[in-house]
Amino acid sequence: MLIPVLLRSNISYCRNVLIAYCKVKLLNLFLSGDGLQWYGHVLRKEDNDWVKKYMEYEVEGVRPRGRPKKTWGEIVEKDCQVHGLSREDAMDLITWIKQMRGN
Numbered sequence: 001m002l003i004p005v006l007l008r009s010n011i012s013y014c015r016n017v018l019i020a021y022c023k024v025k026l027l028n029l030f031l032s033g034d035g036l037q038w039y040g041h042v043l044r045k046e047d048n049d050w051v052k053k054y055m056e057y058e059v060e061g062v063r064p065r066g067r068p069k070k071t072w073g074e075i076v077e078k079d080c081q082v083h084g085l086s087r088e089d090a091m092d093l094i095t096w097i098k099q100m101r102g103n
């Protein structure tokens with residue numbers, strides 16, 4: 001199979017062809033999967049575990065001016081919506097992994 005020459009007009013087309021040809025997932029799917037995997041791991045921990053306590057800790061104080069930066073929690077919430085996951089799904093490891101990987 002020949003891969004088309006990269007021209008400015010068809011870069012996104014070439015990118016999609018290259019991804020399909022190499023049978024590789026996009027980087028953002030890998031990264032969201034790693035974050036979700038860790039999130040599920042923490043949710044399955046005991047309620048008195050320090051990691052679980054600090055995952056939901058809210059920092060007090062005044063934020064600087066301007067648009068606030070995205071927090072890790074906001075990114076994980078968005079990834080959970082994309083994959084159709086809830087906090088209850090994390091308790092069942094097999095279900096969590098299958099939905100996270102899209103199987």
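Each residue of the sequence shown is one higher than the one before, counting from 1 in the working numbering.
Every residue, glycine too, gets a C-beta built ideally from N, C-alpha and C.
All values reported here derive from a predicted model rather than from experimental measurement.
Per DSSP, reduced to three states, the secondary structure at D47 is coil, with no helix or strand assignment. With fewer than 16 other Cβ atoms from the protein chains shown falling within 10 Å of its own Cβ, L93 counts as exposed.
About 6 Å separates the beta carbons of L43 and R87, which is inside the 8 Å limit, making them a contact pair. Take the alpha-carbon of M55 and the one of G40: they are about 12 Å apart. In the three-state scheme derived from DSSP, where H, G and I count as helix and E and B as strand, G102 is classed as coil. In terms of Cα proximity to Y57, the closest of T71, Q99, G66 and Q37 is T71.
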